[in-house]
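Engineer:
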Amino acid sequence: MSKKFWETLPQGSVVLEAGSSAKFKTGGWRSMRPRWIEENCIQCMFCWMYCPDMAIKATAEGKRAEFNYDYCKGCGICALECPGKKGNKAIVMEEEGK
Amino acid sequence: MGKIVAVTGNEACAQALKQINPDVCAAYPITPATDLMQRFSSFVNDGKVDTELVLVESEHSAMSACIGAAAAGGRVATATSSQGLALMWEMLYIAAGTRLPIVMPLVNRALSAPLNIHGDHSDGMGARDTGWLQFYSENAQEAYDNLIQAFRIAEHLDVRLPVMVCMDGFIVSHSIERVEYIDDADVKKFVGKFVPVHPLLDLDKPKSYGPLILTDLYHEYKRAQHEVMTKAPRVVLEVAADFEKMTGRKYGLFETYRLEDAEMAIVVMSSAAGTTKDIIDRYRDKGVRIGLLKPRMFRPFPFAEMADALKHVKAIAVLDRADSFGGMGPLYSEVAGAVMQMDSKPAVTNKIFGLGGRDYLPDQAEYVIDELITIAKTGKVKTVKEYIGVRE
Numbered sequence: 001m002s003k004k005f006w007e008t009l010p011q012g013s014v015v016l017e018a019g020s021s022a023k024f025k026t027g028g029w030r031s032m033r034p035r036w037i038e039e040n041c042i043q044c045m046f047c048w049m050y051c052p053d054m055a056i057k058a059t060a061e062g063k064r065a066e067f068n069y070d071y072c073k074g075c076g077i078c079a080l081e082c083p084g085k086k087g088n089k090a091i092v093m094e095e096e097g098k
Numbered sequence: 099m100g101k102i103v104a105v106t107g108n109e110a111c112a113q114a115l116k117q118i119n120p121d122v123c124a125a126y127p128i129t130p131a132t133d134l135m136q137r138f139s140s141f142v143n144d145g146k147v148d149t150e151l152v153l154v155e156s157e158h159s160a161m162s163a164c165i166g167a168a169a170a171g172g173r174v175a176t177a178t179s180s181q182g183l184a185l186m187w188e189m190l191y192i193a194a195g196t197r198l199p200i201v202m203p204l205v206n207r208a209l210s211a212p213l214n215i216h217g218d219h220s221d222g223m224g225a226r227d228t229g230w231l232q233f234y235s236e237n238a239q240e241a242y243d244n245l246i247q248a249f250r251i252a253e254h255l256d257v258r259l260p261v262m263v264c265m266d267g268f269i270v271s272h273s274i275e276r277v278e279y280i281d282d283a284d285v286k287k288f289v290g291k292f293v294p295v296h297p298l299l300d301l302d303k304p305k306s307y308g309p310l311i312l313t314d315l316y317h318e319y320k321r322a323q324h325e326v327m328t329k330a331p332r333v334v335l336e337v338a339a340d341f342e343k344m345t346g347r348k349y350g351l352f353e354t355y356r357l358e359d360a361e362m363a364i365v366v367m368s369s370a371a372g373t374t375k376d377i378i379d380r381y382r383d384k385g386v387r388i389g390l391l392k393p394r395m396f397r398p399f400p401f402a403e404m405a406d407a408l409k410h411v412k413a414i415a416v417l418d419r420a421d422s423f424g425g426m427g428p429l430y431s432e433v434a435g436a437v438m439q440m441d442s443k444p445a446v447t448n449k450i451f452g453l454g455g456r457d458y459l460p461d462q463a464e465y466v467i468d469e470l471i472t473i474a475k476t477g478k479v480k481t482v483k484e485y486i487g488v489r490e
C-alpha cells in the first residue's frame with residue numbers, strides 16, 4: 001500500500017539533510033536592493049561580517065566580491081555599516097525593480 | 099521476587115527513576131513534587147545512578163533542558179506539579195511535536211489563584227492538549243508501576259512521545275502505603291536499552307531540530323501527530339501485558355469495578371476511585387447495581403473501548419477533580435464524547451469535587467449514587483453540572 005504524503009514526513013519535523021537551508025532562496029523577499037560601488041570600497045569587510053544571510057561573497061584572497069542576490073533579503077544592514085571612502089558610501093540601497 | 103515496602107508515592111516514583119537510571123534529569127523543585135526529585139538527587143549524589151542532574155532556574159528551563167537532552171539522544175526524565183507544569187506550557191507542546199520520549203511524573207496539585215498546594219487535577223487537565231500521553235494513578239503502587247511502563251511506552255518506536263504519570267498531590271505523594279518494588283535487574287530488563295532516534299550527538303549525520311513549518315506542511319505534521327496517538331493504545335496494552343507477566347499486576351486503558359452487570363456507573367480518576375469502590379460495595383450489599391470505571395489513560399482517550407464498557411448502563415456520574423470554568427468538567431466532556439458513540443444514550447451528570455485538596459468523603463459518593471438511582475428510574479437529569487462537597 002502506498003503511503004499518504006503526511007506519512008512520509010520525518011518524525012518530529014527533524015531536518016535530516018545538513019545545510020539544506022541553502023535551498024531556501026530568501027532573495028525573493030527583497031524590496032530594496034543593495035548596490036556595491038567598488039571605487040568607494042576600502043575592503044574593511046564590515047558588510048561581509050554584518051550580513052545576517054551570508055549574502056556577501058568573498059574571494060579566496062579575502063577581498064570583497066559581489067552580492068549573492070539569491071539570499072540577500074535587502075535588510076540594508078550592510079549599507080548602514082559601510083564606512084565608505086571620504087564620506088561616499090560603497091553600498092547604497094535602491095528600490096527593487098527600478 | 100521484589101520487595102514489599104511502606105513508602106510514599108513520591109518515594110516509590112524516586113525508586114522507579116533510580117531503577118531506570120535515566121541519562122539526564124533536569125528539574126526544579128515545586129510542592130508536592132519537590133520531595134520526589136530531592137530523593138532522586140540524593141541517589142545522584144550518592145552515586146546510585148549515572149544520571150546527569152541539571153539544576154535549572156525554572157520549570158520552563160527544566161523542560162527546555164529535557165528537550166535538548168532528549169534531542170541529543172538521551173533517556174530523559176523530570177517531575178513537576180501545578181504552577182511548575184503551567185510554566186512549562188509552551189515547552190510541553192515542543193517536546194510532543196518534536197516526538198521526544200521524555201517521561202515526567204506529575205504530582206497533581208491545584209492551580210493559583212487563590213494559592214493552594216493540595217491535590218486536584220487542574221494542572222494535568224490544563225496540559226491535556228499538549229500531545230503528551232497522560233496516565234492517572236490511584237495509589238503509590240500504580241504510580242510506581244505506571245512510571246516504569248511509561249518509559250517503555252514513550253520510547254516505543256511506534257510512539258516516541260512524552261508521557262506524564264500523574265498521582266494526587268499529598269493524598270498519594272505524601273501518604274505511606276504498601277508498595278511492591280520490582281527487582282532492579284527486572285526493571286532494567288523490562289525497560290530495556292534506550293534506542294535514540296535522530297540523535298543530535300550523532301555527529302556523522304548532522305541534522306536540525308525545530309524548523310519553521312508554515313502553511314505548506316504544518317497541517318500534515320499535525321495529522322501525523324494525531325496518527326501516532328491512535329497507535330498508542332495498542333502499545334500501552336502490549337506493555338501492560340508484559341508488565342503483568344513480570345509482576346502479576348494487571349493494567350488496561352481503564353479499570354472497571356463491579357461494572358459488568360451494573361445499571362449505573364461512576365467514572366472517576368485517581369485516589370478518589372478507592373473511596374468510591376468502598377461505597378459501591380456498601381450499595382451492592384443493599385442490592386443496588388452500581389459500578390465504577392476508573393480511566394488510567396486520559397490521553398489518548400479510549401473513546402470506543404469506554405463506550406463498549408458503559409453500553410449497558412442507564413445513568414453515569416462523571417466526577418471531575420478539575421473544572422473548566424464556563425464549560426463542563428474535562429473528564430465529563432470526554433465521557434460524553436464516548437457516550438455519543440453508543441446506540442443507547444445513558445443520562446450523564448457531571449460532579450466537580452475535591453478542588454484544592456478538599457477531602458472526597460464517603461457521604462459525597464453516597465449523594466452521587468442516591469441521585470443516580472433516581473436518574474436511572476426516571477431518566478431525568480435535574481442539574482448536569484454540580485459542585486459537591488461544597489460548604490453551604
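Going line by line, the protein sequences match chains X and P. No gaps in the numbering here: position 55 of the first sequence is 55 in this note's numbering, and each next residue is one more. Heads up, this note's numbering is the position in the second sequence plus 98, with the first residue counted as 1. Backbone N, C-alpha and C fix where the C-beta goes; we use that ideal spot for every residue, glycine too.
Whole angstroms are fine: how far does the CA of P428/P sit from the CA of G435/P?
Structural biologist: Sequence index remark: in the second sequence, residue 435/P carries index 337 (1-based). Sequence index remark: in the second sequence, residue 428/P carries index 330 (1-based). Each residue's Cα considered, the two are about 11 Å apart.
Engineer: Per the DSSP calculation, C545/P is bridged to which residue(s)?
Structural biologist: Because chain P is modelled from 99 through 490, residue 545/P falls outside the range shown and cannot be assessed.
Engineer: Using a Cβ-Cβ distance cut-off of 7 Å, determine whether S2/X contacts chain P.
Structural biologist: As a working mapping, residue 2/X is identified with position 2 in the first sequence. It does not: the Cβ of S2/X has no partner Cβ on chain P nearer than 7 Å.
Engineer: Is the distance from the Cβ of R250/P to the Cβ of V147/P below 7 Å?
Structural biologist: Start at 1 with the first residue of the second sequence, and residue 250/P comes out as number 152. Start at 1 with the first residue of the second sequence, and residue 147/P comes out as number 49. Not a contact, by the Cβ cut-off of 7 Å.
Engineer: Return helix, strand or coil for A65/P, following the three-state DSSP convention.
Structural biologist: What is shown of chain P runs 99 to 490, which leaves residue 65/P out entirely.
Engineer: Please list the partners that E318/P has in chain X, where partner means a Cβ-to-Cβ separation under 8 Å.
Structural biologist: As a first step, residue 318/P is located in the second sequence; it is residue number 220 there, counting from the start. The contacting residues are F5, W6 and L9.
Engineer: If the criterion is Cβ atoms closer than 7 Å, does the pair V201/P and A175/P meet it?
Structural biologist: Mapped onto the second sequence, residue 201/P falls at position 103. Mapped onto the second sequence, residue 175/P falls at position 77. Yes; because the gap between Cβ atoms is below 7 Å, this pair is in contact.
Engineer: Determine the chain X residues that contact S442/P at a beta-carbon separation under 9 Å, and present them in chain order.
Structural biologist: As a working mapping, residue 442/P is identified with position 344 in the second sequence. Near S442/P there are no residues of chain X at all, since even the closest Cβ is about 35 Å away, more than 9 Å.
Engineer: Please tell me whether, using a cut-off of 6 Å, the distance from the CB of V416/P to the nearest non-hydrogen atom of the ligand SAH is below it.
Structural biologist: As presented, the structure is devoid of all ligands, the ligand SAH included, so that no description of it is given.
Engineer: Who are the near neighbours of F141/P in its chain, counting only those whose CB is closer than 6 Å to its CB and skipping five residues on each side?
Structural biologist: Within the second sequence, numbered from 1, the residue matching residue 141/P stands at position 43. Answer for F141/P: K116 and V147, listed in chain order.
Engineer: My parser needs the alpha helix (DSSP H) runs of 4 or more residues fully inside the segment 145-213 of chain P; what are they?
Structural biologist: 157-170, 180-185 and 187-195
Engineer: By the 8 Å beta-carbon criterion, what residues does the segment 309-333 of chain P contribute toward chain X?
Structural biologist: P309, I311, L315, E318, Y319, R321, A322 and E325
Engineer: Please confirm whether A18/X has its beta-carbon closer than 7 Å to some beta-carbon of chain P.
Structural biologist: Residue mapping note: residue 18/X aligns to position 18 of the first sequence, counting from 1. A18/X counts as touching chain P.
Engineer: Whole angstroms are fine: how far does the CA of M362/P sit from the CA of I471/P?
Structural biologist: Residue mapping note: residue 471/P aligns to position 373 of the second sequence, counting from 1. Residue mapping note: residue 362/P aligns to position 264 of the second sequence, counting from 1. Distance between the alpha carbons of I471/P and M362/P is about 8 Å.
Engineer: Using the beta-carbon of each residue, which ones in chain X are nearer than 9 Å to V295/P?
Structural biologist: Working through the second sequence from its first residue, we reach residue 295/P at position 197. Under the 9 Å cutoff, chain X gives Q11, G12 and V14.
Engineer: According to DSSP, what are the bridge partners of C123/P?
Structural biologist: Residue mapping note: residue 123/P aligns to position 25 of the second sequence, counting from 1. Beta bridge pairing from DSSP links C123/P with L151/P and A175/P.
Engineer: Using the three-state DSSP reduction, which class does I450/P fall into: helix, strand or coil?
Structural biologist: In the second sequence, counting from the first residue as 1, residue 450/P sits at position 352. Strand at I450/P.
Engineer: To test your reading of the DSSP string, which unbroken beta strand (DSSP E) runs of 3 or more residues are found completely within the segment 352-405 of chain P?
Structural biologist: 352-355, 362-366, 388-393 and 395-397
Engineer: If you measure from the beta carbon of P460/P to each beta carbon in chain X, is any gap under 7 Å?
Structural biologist: For the purposes of this step, residue 460/P is taken as residue 362 along the second sequence, with counting starting at 1. It does not: the Cβ of P460/P has no partner Cβ on chain X nearer than 7 Å.
Engineer: Rounded to whole angstroms, what's the CA-CA distance from K375/P to A322/P? Just pull it up for me.
Structural biologist: If you number the second sequence from 1, residue 375/P lands on position 277. If you number the second sequence from 1, residue 322/P lands on position 224. Approximately 39 Å, taken between the alpha carbons.
Engineer: So, for A491/P: in the same chain, excluding its five sequence neighbours on each side, which residues have a beta-carbon less than 8 Å away from its beta-carbon?
Structural biologist: Residue 491/P is absent from the structure shown; chain P starts at 99 and stops at 490.
Engineer: Using CA coordinates, which residue listed in I91/X, D53/X, E7/X and F5/X is at the minimum distance from A22/X?
Structural biologist: Numbered from its first residue, the first sequence carries residue 22/X at position 22. Closest by alpha carbon: D53/X.
Engineer: Please list, in chain order, all residues of the same chain as M404/P whose beta carbon is under 6 Å from its beta carbon, the five residues on each side excluded.
Structural biologist: Within the second sequence, the letter at position 306 stands for residue 404/P. A436, listed in sequence order.
Engineer: In angstroms, rounded to a whole number, what distance separates the CA positions of A360/P and K475/P?
Structural biologist: Your numbering for residue 360/P matches position 262 in the second sequence. Your numbering for residue 475/P matches position 377 in the second sequence. Roughly 14 Å separates the two Cα atoms.
Engineer: List the residues that DSSP assigns as beta-bridge partners of Y485/P.
Structural biologist: On the second sequence, position 387 is the one that residue 485/P refers to. BP columns for Y485/P point to I450/P.
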